[in-house]
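Trainee: Residue numbers (the working numbering): 32 to 431. Below is a structure I'd like to ask you about.
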C-alpha cells in the first residue's frame, strides 16, 4: 500500500470519529436547549385572596365544599351575610365569617389563622372537636370570637393573650379544661367573657385590673375552686357576674360594694361559700345565694327570700361581757388590796409613840424611845403617823 493511500485512510477514519463525537455532544446538550421553554411553563406565584383562603377552609369540611361557586384569585365570595368583606387601601378583605349552624365536624381548620383582617368569627352550634388551633394567635384584629356549643376540648389556650383586640369571647358549652391563663391580662379591650359549662379548674385568675371594660363575666358550671379575690372590685363596669355551680369557698370580699353597676349576681351551688353577705350595690336587681352557707343582713338589697338572716354572734358578745366583768373585778381587788395595805401600815405606825418628858425617866425609860401605846396611858408622847407627828398633850401637829 502506497503512503498516500495510508494517509487517506487515516484521514477518513479521523473524520468519522469526529462526526461521531459531535453527534454525542449534541444529544447531551439537547436538554439544555429545552430549559427556556420549561422555565416559561412554570406557574407564576400569585398572592392568595381571602376568598382563596376561604376555599381552603371550606374544603376541610365536606358539608360546605359544595358551596364554593367562585373562581380562583377573585373576591367573588363576598355575600354580605356569611362572608362580609371590606376595602382596605384599594384591596378587599374578609372581615366577618359566620359559619354557625352548618353541621361542621372535625377539628377547627388552621387556615382560619390566615385571615389577617378578620374581625368577627362565629362558629357556634356545630360539631367541631379537638383543641383551638394555635394559628388563631395570628388573628390580631379579631374582636368577636364565638365557639359556643361545640365539642371543643383541650386546655384553655395560653396564646389567647396574643389576640389583643378581642372584645367578646364565648366558648360556652364545650369540654375545655385546664386553668384560666394569666395571659388574659393582655386583653385590655375585653367586654364580655363567657365560658360556662366547661371543665375549667383552678382558682379565679386575677386578670380584673387589666380588663376594666368587662361588663359580663360568666364562668358558671365549671370546676373553679378557691376564694373570690378582693380585686374583683376593679371591674367597676361589671353588670353581670355568674360564678354559680363551682367549688368556690371562703367569705365574700367587702369590696363587692364597689361594683356600683352590678345588676345580676349568681353564686348558687358553691357549698364552700360562708359567712355574711357584705353590703351590695344598690342597683343589684337579681341575686342567687342558694345552696351556699351564706347569710344576709336584715336590710340586704337582695337575697332575703333565699338564705337566712345572719344571727347575732352571742358567743362573741358573752365573751366580751365576761371579759369586761372580770377586768372590773380584778381592778376592784387591786384597789381594795391597796387600801387595806395602807390602813395596816398606818395602824402599825399609830400603835407606836415617842416619849418626850421626864415621865419616861420615872418608868426606867429614856426620852425619845418608842413604846407601845396602851389604853388610858397618860404619858406625854407624840404619835408618829405617816404624814405628820401629833403631840397629844399640846394638840400640835408637826410635819413628819
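Glycine included, every Cβ here is placed at the ideal spot set by N, Cα and C.
In or out: residue 161 buried (at least 16 other Cβ within 10 Å) or exposed?
Mentor: In the chain shown, residue 161 corresponds to position 130, counting from 1. Answer is exposed; the Cβ neighbour count stays below 16.
Trainee: Run the CB neighbour count on residue 225, radius 10 Å, all protein chains shown included, and call it buried at 16 or more, exposed below.
Mentor: Counting from one through the chain shown, the residue named residue 225 turns up at place 194. With 16 or more other Cβ atoms within 10 Å, it is buried.
Trainee: Give every residue of the same chain whose Cβ lies closer than 8 Å to the Cβ of residue 276, excluding the five residues on either side of it in the sequence, and list them in chain order.
Mentor: The residue given as residue 276 occupies position 245 in the chain shown. 251, 252, 253, 299, 300 and 301.
Trainee: Which residue marks the beginning of the beta strand (DSSP E) containing residue 159, and which one marks its end?
Mentor: Along the chain shown, one-based indexing puts residue 159 at 128. Counting along the chain, the beta strand (DSSP E) containing residue 159 begins and ends at 158-161.
Trainee: Look at the alpha carbon of residue 354 and the alpha carbon of residue 332, and state the distance between them as a whole number of angstroms.
Mentor: Your numbering for residue 354 matches position 323 in the chain shown. Your numbering for residue 332 matches position 301 in the chain shown. If I take the Cα positions, the gap works out to 36 Å.
Trainee: Looking at the unbroken alpha helix (DSSP H) that takes in residue 84, where does it start and where does it end?
Mentor: Residue mapping note: residue 84 aligns to position 53 of the chain shown, counting from 1. Here the alpha helix (DSSP H) through residue 84 covers 81-89.
Trainee: For the segment 160-201, which segments carrying the beta strand (DSSP E) assignment without a break, of at least 3 residues, lie completely within its bounds, in sequence order?
Mentor: DSSP runs (the beta strand (DSSP E)) wholly in the segment 160-201: 175-177 and 199-201.
Trainee: Just verifying my parser: in three-state terms, what is the DSSP assignment at residue 401?
Mentor: In the chain shown, counting from the first residue as 1, residue 401 sits at position 370. With a pLDDT of only 48 at residue 401, under 50, the local geometry of the prediction cannot be trusted, and the value read off the model is given with reservation. Correct three-state label for residue 401: strand.
Trainee: What's the C-alpha gap between residue 402 and residue 370?
Mentor: Here residue 402 is taken as the residue at index 371 of the chain shown, counted from 1. Here residue 370 is taken as the residue at index 339 of the chain shown, counted from 1. Below a pLDDT of 50, predicted positions are generally treated as unreliable, and residue 402, at 48, falls in that range; the measurement from the model is reported next regardless. Rounded to the nearest angstrom, the two C-alpha atoms are 26 Å apart.
Trainee: Looking only at its own chain, which residues have a Cβ that is under 7 Å from the Cβ of residue 144, when we skip the five neighbours before and after it?
Mentor: Position 113 of the chain shown, counted from the start, is the residue given in the question as residue 144. Hits under 7 Å: 164, 166, 167, 169 and 170.
Trainee: Within 10 Å of its beta-carbon, does residue 304 have 16 or more other beta-carbons around it, so buried, or fewer, so exposed?
Mentor: On the chain shown, position 273 is the one that residue 304 refers to. Its Cβ being crowded by 16 or more others within 10 Å, residue 304 is buried.
Trainee: Return yes when the Cβ of residue 273 is within less than 8 Å of the Cβ of residue 244, no when it is not.
Mentor: Within the chain shown, the letter at position 213 stands for residue 244. Within the chain shown, the letter at position 242 stands for residue 273. No; because the gap between Cβ atoms is not below 8 Å, this pair is not in contact.
Trainee: So is residue 265 buried or exposed if we call it buried at 16+ other beta carbons inside 10 Å?
Mentor: To locate residue 265, count along the chain shown from 1; it is residue 234. Buried: at least 16 other Cβ atoms inside 10 Å.
Trainee: In chain order, which continuous runs of the beta strand (DSSP E) of length 3 or greater are located wholly inside the segment 213-237?
Mentor: Fully enclosed beta strand (DSSP E) runs of 3 or longer: 223-225.
Trainee: Thinking just about the alpha-carbon of each residue, which of 317, 307 and 196 is nearest to the one in residue 326?
Mentor: If you number the chain shown from 1, residue 326 lands on position 295. Of 317, 307 and 196, the residue nearest in Cα terms is 307.
Trainee: Which class does residue 247 belong to by DSSP, given the choice of helix, strand or coil?
Mentor: Along the chain shown, read from residue 1 onward, the residue named residue 247 stands at position 216. If DSSP states are grouped into helix, strand and coil, residue 247 belongs with the strands.
Trainee: Please report how far the alpha carbon of residue 185 lies from the alpha carbon of residue 232, in whole angstroms.
Mentor: Taking the chain shown and counting its residues from 1, the one referred to as residue 185 is at position 154. Taking the chain shown and counting its residues from 1, the one referred to as residue 232 is at position 201. Distance between the alpha carbons of residue 185 and residue 232 is about 13 Å.
Trainee: Go to residue 124, then tell me how far its beta strand (DSSP E) extends in each direction, as first and last residue.
Mentor: As a working mapping, residue 124 is identified with position 93 in the chain shown. Segment 122-129, the beta strand (DSSP E) holding residue 124.
Trainee: Thinking C-alpha only, which one of 223, 190 and 365 is nearest residue 214?
Mentor: For the purposes of this step, residue 214 is identified with residue 183 of the chain shown, where counting begins at 1. The residue with the shortest Cα to Cα distance from residue 214 is 190.
Trainee: Pull the bridge partners of residue 117 from the DSSP assignment, please.
Mentor: Taking the chain shown and counting its residues from 1, one reaches residue 117 at position 86. Residue 117 pairs with 124.
Trainee: Give the DSSP-derived three-state secondary structure of residue 279 in the structure shown.
Mentor: Locating residue 279 in the chain shown gives position 248, where the first residue counts as 1. If DSSP states are grouped into helix, strand and coil, residue 279 belongs with the strands.
Trainee: Quick check: residue 230 and residue 196, are their CB atoms within less than 8 Å of each other?
Mentor: As a working note, residue 230 is residue 199 in the chain shown. As a working note, residue 196 is residue 165 in the chain shown. Not a contact, by the Cβ cut-off of 8 Å.
Trainee: Is the Cβ-Cβ distance between residue 81 and residue 119 less than 8 Å?
Mentor: Within the chain shown, numbered from 1, the residue matching residue 81 stands at position 50. Within the chain shown, numbered from 1, the residue matching residue 119 stands at position 88. No, these two residues do not count as a Cβ contact at 8 Å.
Trainee: Mind checking which residues open and close the beta strand (DSSP E) that includes residue 240?
Mentor: On the chain shown, position 209 is the one that residue 240 refers to. Run containing residue 240: none; DSSP gives neither H nor E here.
Trainee: Just verifying my parser: in three-state terms, what is the DSSP assignment at residue 294?
Mentor: The count along the chain shown starts at 1 and reaches residue 294 at position 263. Correct three-state label for residue 294: coil.
Trainee: What would DSSP say about residue 305, mapped onto helix, strand or coil?
Mentor: Your numbering for residue 305 matches position 274 in the chain shown. Looking at residue 305 - three-state DSSP - the assignment turns out to be strand.
Trainee: Answer yes or no: do residue 146 and residue 247 have a C-beta to C-beta separation smaller than 8 Å?
Mentor: Locating residue 146 in the chain shown gives position 115, counting from the first residue. Locating residue 247 in the chain shown gives position 216, counting from the first residue. No, the pair does not count as a contact, with Cβ atoms beyond the cut-off.
Trainee: Name the residue from 139, 172, 130 and 174 whose alpha carbon lies nearest to the alpha carbon of residue 154.
Mentor: If you number the chain shown from 1, residue 154 lands on position 123. Minimum Cα distance to residue 154 is reached at 130.
Trainee: Mind checking if residue 132 is an interface residue toward chain D, Cβ cutoff 8 Å exclusive?
Mentor: The structure shown has no chain D; it contains just one protein chain.
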